[in-house]
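Asker:
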Amino acid sequence: MAFTVCNKAPFRADVVGSFLRPDKLKNARNLYRQGLLDAAGLKAVEDECIAELIEKEIKHGLRGITDGEFRRSWWHFDFMWGLGGIKRIETKEGSHFVGIDTRAESAAIEGKLSGKNHPFVEHFKFVKQFESKGTGLQARQTVPAPAQTLTALFNLRNSGEAQSASWRDFYTSEEELAEALGAAYREVFADLYAAGCRSIQLDDCAWAALCDPDAVIQKNIDVARLSELYLLANNACLKDKPEDLTICTHYCRGNYRSHYFSKGGYDAVADTLFAKENVDGFYLEYDDERSGSFEALKKIPENKKVVLGIITSKTPALENLQALEARVHEAAKFFPLDNLCVSPQCGFASTEEGNELTEAQQWAKVDLVVELAQRIWG
2 MAFTVCNKAP FRADVVGSFL RPDKLKNARN LYRQGLLDAA GLKAVEDECI
52 AELIEKEIKH GLRGITDGEF RRSWWHFDFM WGLGGIKRIE TKEGSHFVGI
102 DTRAESAAIE GKLSGKNHPF VEHFKFVKQF ESKGTGLQAR QTVPAPAQTL
152 TALFNLRNSG EAQSASWRDF YTSEEELAEA LGAAYREVFA DLYAAGCRSI
202 QLDDCAWAAL CDPDAVIQKN IDVARLSELY LLANNACLKD KPEDLTICTH
252 YCRGNYRSHY FSKGGYDAVA DTLFAKENVD GFYLEYDDER SGSFEALKKI
302 PENKKVVLGI ITSKTPALEN LQALEARVHE AAKFFPLDNL CVSPQCGFAS
352 TEEGNELTEA QQWAKVDLVV ELAQRIWG
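Just so we're aligned, residue 2 is where the sequence shown starts under the working numbering, counting upward by one.
1) Out of curiosity, what's the CA-to-CA distance linking G293 and Y287?
2) So D192 packs on V144, CB below 8 Å; how close in whole Å?
3) Short of 8 Å in beta carbon distance, which residues of its chain neighbour F336, apart from the five on each side in sequence? Order them along the chain.
4) According to DSSP, what are the bridge partners of C342?
5) Across which residues does DSSP place C249 in a beta bridge pair?
6) To the nearest whole angstrom, what separates the beta carbons of L26 and E47, a pair I think is in contact under 8 Å?
7) Among the candidates K315, H119, F155, whose CA atom is the shortest distance from the CA of A196?
8) Which residues in the same chain have their Cβ closer than 7 Å to the Cβ of G388, if we skip the five residues on either side of it in sequence?
9) CA-CA distance, S96 and F20?
10) Give the range of the alpha helix (DSSP H) segment to which I218 is assigned.
11) Which residues in the same chain as N159 place their Cβ atom closer than 7 Å to its Cβ, once the five residues preceding and following it in sequence are excluded?
12) Classify L37: buried if its beta carbon has 16 or more other beta carbons within 10 angstroms, exposed otherwise.
13) Excluding sequence positions up to five away, which residues of its chain have a Cβ less than 8 Å from the Cβ of G86?
14) Classify I377 as buried or exposed, calling it buried when 16 or more other Cβ atoms lie within 10 Å of its own Cβ.
15) Can you tell me which of E372, D368, Q363 puts its alpha carbon nearest to the alpha carbon of E326?
16) Out of curiosity, what's the CA-to-CA distance linking A45 and V270?
17) Give every residue of the same chain whose Cβ lies closer than 8 Å to the Cβ of R328, excluding the five residues on either side of it in the sequence, and list them in chain order.
18) Determine the direct distance from the alpha carbon of V343 to that of A52, and round the result to whole angstroms.
19) Quick one, which of I248, A365, L154 has its alpha-carbon nearest F12's?
20) Which value, in whole angstroms, describes the spacing of the CA atoms of W168 and E177?
21) State buried or exposed for H330, treating a residue as buried only when at least 16 other CB atoms are found within 10 Å of its CB.
22) Drop a sphere of 10 angstroms on the beta-carbon of G137, count the other beta-carbons inside from all chains shown, and report buried for 16 or more, exposed for fewer.
23) Going by DSSP in three states, P23 sits in which element: helix, strand or coil?
24) For D281, I'd like the list of residues in its chain whose CB is within less than 7 Å of its CB, leaving aside the five on either flank, ordered along the chain.
25) Would you report the Cα separation of V224 and N28, rounded to the nearest angstrom?
26) Suppose the cutoff is 8 Å on Cβ atoms and the five residues either side in sequence are ignored; what does the same chain contact list for A350 look like?
27) Roughly how many whole angstroms lie between the Cα atoms of G183 and Q323?
28) Of all the options F283, E360, K315, which has the alpha carbon lying nearest to the alpha carbon of A10?
29) Among the candidates F190, Y231, G265, whose CA atom is the shortest distance from the CA of D215?
30) Taking its Cβ as the centre, do 16 or more other Cβ atoms sit within 10 Å of E58, making it buried, or is it exposed?
31) Flag this pair as yes or no: are the beta carbons of V128 and G348 separated by less than 8 Å?
32) Using only alpha-carbon positions, find the residue among R72, T103, L230 that is nearest to K277.
33) What residue range does the beta strand (DSSP E) around T143 cover?
34) If I measure Cβ to Cβ from S228 and keep anything under 8 Å in the same chain, skipping five residues before and after, which residues do I get?
35) Mind reading off the beta-carbon distance from M81 to A153? Whole number of angstroms is fine, and I expect it under 8 Å.
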């Protein structure tokens, strides 16, 4: 059944973009790391798995199609490493999530930033061809937000290698770095647009620590200062975007093997993040009590779209349909129902390890999203 109003992203029934990697893709990646499979062989497996994924996305009623981030190890670092002037580094320890630490990798600056010839453009072209598989399908490219990249470039204290270069070697101020990063993103976006991309999603966990009252106190975080800097970086990438290019953003509090790293509602940053970021829509994490109330939605201009991530991608248990419907109507007290959509709160595999559920359970979650949207909007 076709949903009303939403003819482009975000859709009434939507997803954040990443999906669990199938075993044959995991096996191919392991062989590639061991030198037993070349780059062409890995790409062939990736192509096959992505084609199969998109067929499933369509079969399960999704209109926004993605490659599941199957060509990536991380939701964010792979994009950062593809920018000119940024390199991959190994770190002494990973990021600290509640109950688990991530793999120990990050990104560091090594020169002036550039978005020319980014590999994600070719990745998108492969997905674009599948729009012809059905009516109203739209290929989407997900990337980490500039604010997220800033957090990586600033956090080099646990690097396992000697840092002969930092961002201060190339830019005179944090503001200049933020503007330069936005300009590099615009180069990538221009190439994506030329390749036919009309839907981009900025994934952003940078604001999460600013919303966590315990983290703010423990780390002495200057919320006002970082809010303005993150806003500057994100809005810089949105300057002069074509009118028919929809750019939305997704905010969450961490997603690594079904674990999270922060808590707290959006209220602390709503006046900056919701009121002033020049995106077309917001994908927001609202799957449990860590997310706070819907009241912060009042800060979002009513002409934008909000995707309520009220179905969790972290655990396999299916939510109650009636309870979900009630939550949407609760949110509609603070933001117009006609501009709301629904989705899982995050992807199913922000990294290649994936969350702690099976592929069958993953698709059951997607089916629940679609059923919920049909129930509310028809």
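Heads up, the beta-carbon is just placed ideally off N, CA and C, and yes, glycines get one too.
Everything numeric in this text was worked out from a predicted model, so none of it was measured.
Answerer: To lay it out plainly:
1) Approximately 8 Å, taken between the alpha carbons.
2) Contact doesn't hold; Cβ gap of about 12 Å is too wide.
3) F295, L298, K299, I301, E303, V307
4) V308
5) Q202, G282
6) That pair is a contact at about 7 Å.
7) H119
8) For residue 388 there is no data in the structure shown, the boundaries of the chain being 2 and 379.
9) 22 Å
10) Where I218 is concerned, the enclosing alpha helix (DSSP H) starts and stops at 214-219.
11) Note on N159: pLDDT 43, under 50, position unreliable in the model; the coordinate value appears next. Result list for N159: T92, K93, E94, in chain order.
12) So L37 counts as exposed.
13) I110, E111, G112, K113, L114, S115, F171, A185
14) buried
15) E372
16) 43 Å
17) Here the set comprises Y287, L309, I311.
18) 25 Å
19) I248
20) 10 Å
21) exposed
22) exposed
23) coil
24) Taking D281 as the centre and dropping the five residues before and after it, the same chain places the C-beta of T247, I248, C249, K305, K306 closer than 7 Å to its C-beta, in chain order.
25) 43 Å
26) S19, F20, L21, R22, G69, E70, N356
27) 42 Å
28) F283
29) G265
30) By the 10 Å Cβ count, E58 comes out buried.
31) No, these two residues do not count as a Cβ contact at 8 Å.
32) L230
33) 142-145
34) Within its own chain, the residues whose Cβ lies closer than 8 Å to the Cβ of S228, once the five positions on either side in sequence are excluded, are W208, L211, V270, T273, L274, listed in chain order.
35) 6 Å
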